[in-house]
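Asker: What follows is a single structure, and I will ask about it in a moment.
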Amino acid sequence: MASDITAGTLADKNTKTHVNLVDDVDAYEDTTPRKVITKKDLWICAIRGLFMEGNFNFERMQAGGFAYSIVPALKKIHGDNKRDFAKSLKNHLQFFNASPKLFTFLLGTAIAMEENKEKPSTVNVMKVAGMGPTGGIGDAIDHMTLMPLTLALGASIAMEGSIAGPFVFFFLYQIVHFAVYFGLMFMGYKAGTAAMVNMSEATEKLAKAANIMGIFVIGALSATFIKVQTTASIELGGKVVELQSALFDKIMPNLLPLALVFFMFKMV
């Protein structure tokens, strides 16, 4: 019988009838754990996850992308049990929104839980609990630490007149990005649900540390690359006093660049 599974429904292509495969029971029919996922499967799911944002929408955000990423694993885990496969797929189509660069940790954990045949609601609770931490840590590390550091290195090379600057930035950023992205996939799968407990405890500390590092990096970049000086001067006792060297630099070096940064921040 030629058939296909769409949105929890088995469609018979010959008779054009539909059989509902998803019930309201929060458990799989086959509850026997199946350790069938290999490293190759994890690589495949992670690679598919690179396209997670391609199905982004404002109703369920990245749910479609997450489901697309985990489909190969679900097919192996649930085998020929179409009802369990449909139930798991429908469960992974619930609202999801996390850092695209760190979500593989949750993807790996979800695959491990599916292998153990955890209840669909339990798997979804894990994903919901992990959305905030991965989003907060991911944004702090990526936008406030990794991106500024690699940009600064590339920009410094470009300012010397070398065309290699943009390429240095691009390759350094992507090397770190992909190392973390794929590494978290295997970490999440290996640690399973225990990883969520450890991550929840460390989330606040990691986010705070990343934010502090980000502020430090942005401050250093501002002092290095923003050049603002004044030629204003005043006459005191018959002598011309340069405000830049005699006043601003004495109060704090790079005071004017700092003032410009705060002004632009306020304007934004």
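Its first residue numbered 1077, the sequence shown is counted upward by one per residue in the numbering used here. Heads up, the beta-carbon is just placed ideally off N, CA and C, and yes, glycines get one too.
1) What is the residue span of the beta strand (DSSP E) that E1191 lies within?
2) Assuming the contact rule is C-beta atoms closer than 8 Å, L1118 and M1261 should be a hit. Round their C-beta distance to whole Å, please.
3) Could you give the distance in angstroms between the alpha-carbon of E1191 and the alpha-carbon of S1238?
4) Return the chain-ordered list of same chain residues with a C-beta closer than 7 Å to the C-beta of A1103, the five sequence neighbours on each side being excluded.
5) Tell me the rounded alpha-carbon separation between D1080 and T1210.
6) From what residue to what residue does the beta strand (DSSP E) around L1118 run?
7) One question on the structure: do Y1265 and A1188 come within less than 8 Å of each other, judged by their Cβ atoms?
8) Looking at the secondary structure, which residues open and close the beta strand (DSSP E) in which L1312 lies?
9) Taking its Cβ as the centre, do 16 or more other Cβ atoms sit within 10 Å of T1221, making it buried, or is it exposed?
10) Please determine if the segment 1145-1162 and the segment 1121-1130 are in contact, where contact requires at least 3 C-beta pairs separated by less than 8 Å.
11) Give me the Cβ distance between L1182 and A1139, rounded to the nearest whole Å; I'm assuming they're in contact under 8 Å.
12) Look at the alpha carbon of K1193 and the alpha carbon of I1213, and state the distance between them as a whole number of angstroms.
13) Smallest Cα separation from G1295: which of P1224, L1126 and N1131?
14) Could you compute how far the alpha carbon of Q1320 sits from the alpha carbon of H1253?
15) Nearest to K1111 by CA position, among A1322, K1152, M1137 and N1131, is which residue?
16) Quickly, what does DSSP pair E1236 with across the bridge? List them, please.
17) Let me know the secondary structure DSSP gives M1137 once reduced to three states.
18) Using the Cα positions of T1107 and V1244, report the straight-line distance between them to the nearest angstrom.
19) State the Cα-Cα distance for the pair T1180 and F1127, rounded to the nearest angstrom.
20) Buried or exposed: G1141, going by 16 or more other Cβ atoms within 10 Å of its Cβ?
Answerer: Considering the structure as presented:
1) Start at 1 with the first residue of the sequence shown, and residue 1191 comes out as number 115. Counting along the chain, E1191 falls outside any beta strand (DSSP E), though it belongs to the alpha helix (DSSP H) covering T1180 to E1191.
2) Within the sequence shown, residue 1118 is the residue found at index 42, counting from 1. Within the sequence shown, residue 1261 is the residue found at index 185, counting from 1. About 6 Å; that satisfies the 8 Å criterion.
3) Taking the sequence shown and counting its residues from 1, the one referred to as residue 1191 is at position 115. Taking the sequence shown and counting its residues from 1, the one referred to as residue 1238 is at position 162. For E1191 and S1238, the distance between alpha carbons rounds to 51 Å.
4) The sequence position of residue 1103 within the sequence shown is 27, counting from 1. Excluding positions up to five away in sequence, the list reads K1195.
5) Taking the sequence shown and counting its residues from 1, the one referred to as residue 1080 is at position 4. Taking the sequence shown and counting its residues from 1, the one referred to as residue 1210 is at position 134. Because D1080 sits at a pLDDT of 47, beneath the cut-off of 50, its placement in the model cannot be relied upon, and the following sentence gives the value as read from the coordinates. Cα-Cα distance, rounded: 34 Å.
6) Position 42 of the sequence shown, counted from the start, is the residue given in the question as residue 1118. L1118 -> not in any beta strand (DSSP E); alpha helix (DSSP H) instead, spanning K1115 to G1125.
7) The residue given as residue 1265 occupies position 189 in the sequence shown. The residue given as residue 1188 occupies position 112 in the sequence shown. Yes. Within cutoff.
8) Counted from its first residue, the sequence shown places residue 1312 at position 236. Looking at the DSSP string, the run of the beta strand (DSSP E) that includes L1312 is S1309 to L1312.
9) One-based indexing of the sequence shown puts residue 1221 at position 145. The residue in question, T1221, is buried, as its Cβ has 16 or more Cβ neighbours within 10 Å.
10) yes
11) In the sequence shown, counting from the first residue as 1, residue 1182 sits at position 106. In the sequence shown, counting from the first residue as 1, residue 1139 sits at position 63. Contact flag wrong, Cβ pair sits at about 12 Å.
12) For this step, residue 1193 is matched to residue 117 along the sequence shown. For this step, residue 1213 is matched to residue 137 along the sequence shown. So the two alpha carbons sit approximately 29 Å from each other.
13) Start at 1 with the first residue of the sequence shown, and residue 1295 comes out as number 219. Nearest of P1224, L1126 and N1131 to G1295, Cα basis: P1224.
14) Residue numbering aside, residue 1320 sits at position 244 when the sequence shown is read from its first letter. Residue numbering aside, residue 1253 sits at position 177 when the sequence shown is read from its first letter. Near 42 Å, if we compare the C-alpha coordinates of H1253 and Q1320.
15) Looking up residue 1111 in the sequence shown gives position 35. When only C-alpha atoms are compared, the closest one is K1152.
16) Here residue 1236 refers to the residue found at position 160 when the sequence shown is read from its first residue. E1236 pairs with nothing; no bridge assigned.
17) By 1-based counting over the sequence shown, the position of residue 1137 is 61. M1137 falls in the strand class under three-state DSSP.
18) Residue numbering aside, residue 1107 sits at position 31 when the sequence shown is read from its first letter. Residue numbering aside, residue 1244 sits at position 168 when the sequence shown is read from its first letter. Those two C-alpha atoms are separated by around 50 Å.
19) Mapped onto the sequence shown, residue 1180 falls at position 104. Mapped onto the sequence shown, residue 1127 falls at position 51. Each residue's Cα considered, the two are about 12 Å apart.
20) Residue numbering aside, residue 1141 sits at position 65 when the sequence shown is read from its first letter. Counting Cβ neighbours within 10 Å, G1141 comes out buried, since at least 16 surround it.
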